[in-house]
Every structure is written in C-alpha cells, then in structure tokens.
Amino acid sequence: MTVWFEDLQLGDFAEFSKTITEADVLMFAAVSGDNNPVHINQEYAEQTPFETRIAHGMLTASLISTVVGTQLPGHGTIYLSQSTRFKAPVRIGDTVTARATVIELNPDKHFVKLATQCSVRGKVVLEGESLVKAPSKP
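Note that the UniProt record's numbering gives residue 61 to position 61 of the sequence shown, counting from 1, and the numbers run on in steps of one.
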C-alpha cells in the first residue's frame, strides 16, 4: 500500500498491532546480536526491576517501521530519522499497537513528520517522531 505525498493530510494515521512472542524476542536477539540477559534469561530477569524478561526496546520500535513502510506513507517511503523515548517495558505476550500520525508536511522536499507511539492495553510504552520522504505520484 502507498499513500502518495500529494494525498497526505495533517492528522492522517495508521496502526499495526502485534503480540510479542518468545520466538520474536529470541529471533531479534539472534539478528541484532543483543543478547542482554534481561531479554533471554528468565532467572537473570527475575532479579531486575522488571521481574521478568522483557522485549528489546528496538523490537518494539521496529513496529513503527512496519506502519511507515507498509501503510503510511507505505511502499517507497524513505526513512530519514526517528526519535524514540521508551516509557515502559514490553513483556512477552503483550500486544503492542504502533501508531503513526501525520503532524507536518513539507511539499518542497516531500518530507513528512509523523508523531509515533506504541502502546500496550492503552498505555504508551514508546513515543517519538519520525521524519520520512514520501513517494510522489508517478
């Protein structure tokens, strides 16, 4: 799916939801090389303030990329930057909803600024902004 720059409006938004699984966490650790035991070792994680294993923050943040790259603006979008503030942990079994909302349009460069957030059961666990270059109508 693609929403052309010319068709974007302030306030447009899209969402993607995913339940984080054990396999997601283990595969992300393998792909990223981030083997922090808070993600992969239950005994270790029980001794942390989280009291259990948590998903990698960047795994959660990657769901924003799913929204931006597949829905809004979608296919052909070029990611330029992302700011991210982690507000709460995501645990295995949590369903995360990533949302991107258009907050600024730059017609000269086809840049789109998006407010981004991820939430679990209505609680914001991550927030930030993305800057992307949206595809133009052919």
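All C-beta atoms in this analysis are idealised placements derived from N, C-alpha and C, irrespective of residue type, glycine included.
Alpha-carbon spacing of A23 relative to E129, whole angstroms: Our two residues, A23 and E129, have alpha carbons roughly 28 Å apart in a direct line.
Residue nearest to E127 in terms of C-alpha spacing, selected from V96, I20 and K137: Looking at V96, I20 and K137, the one whose alpha-carbon comes closest to that of E127 is V96.
CA nearest to the CA of R121, picked from A61, P89 and V102: Selected option, being the one with the closest Cα: P89.
Unbroken alpha helix (DSSP H) run spanning Q42, endpoints: DSSP places Q42 inside the alpha helix (DSSP H), whose first and last residues are Q42 to E46.
At least 3 beta-carbon pairs within less than 8 Å: the region 68–88 vs the region 42–50: Taking a contact to require three or more Cβ pairs closer than 8 Å, the region 68–88 and the region 42–50 do not qualify as touching.
Buried or exposed by the 16-neighbour rule on C-beta atoms within 10 Å, applied to H110: With at least 16 other beta carbons inside 10 angstroms of its own, H110 counts as buried.
Backbone CA spacing between M58 and K137 [nearest angstrom]: C-alpha separation (whole angstroms): 32 Å.
Euclidean distance between Cα positions of P107 and T2: Taking the straight line joining both Cα atoms gives about 17 Å.
Cβ distance (whole Å) where W80 is taken to contact L131 below 8 Å: According to the sequence as given, residue 80 is Leu; it is not Trp. That pair is a contact at about 4 Å.
V120 - containing beta strand (DSSP E), residue span: Start and end: F111 to V120.
Residues of its chain near F5, where Cβ-Cβ distance is below 6 Å and the 5 sequence neighbours each way are ignored: Cβ neighbours of F5 beyond the five flanking positions: H110, A134 and S136.
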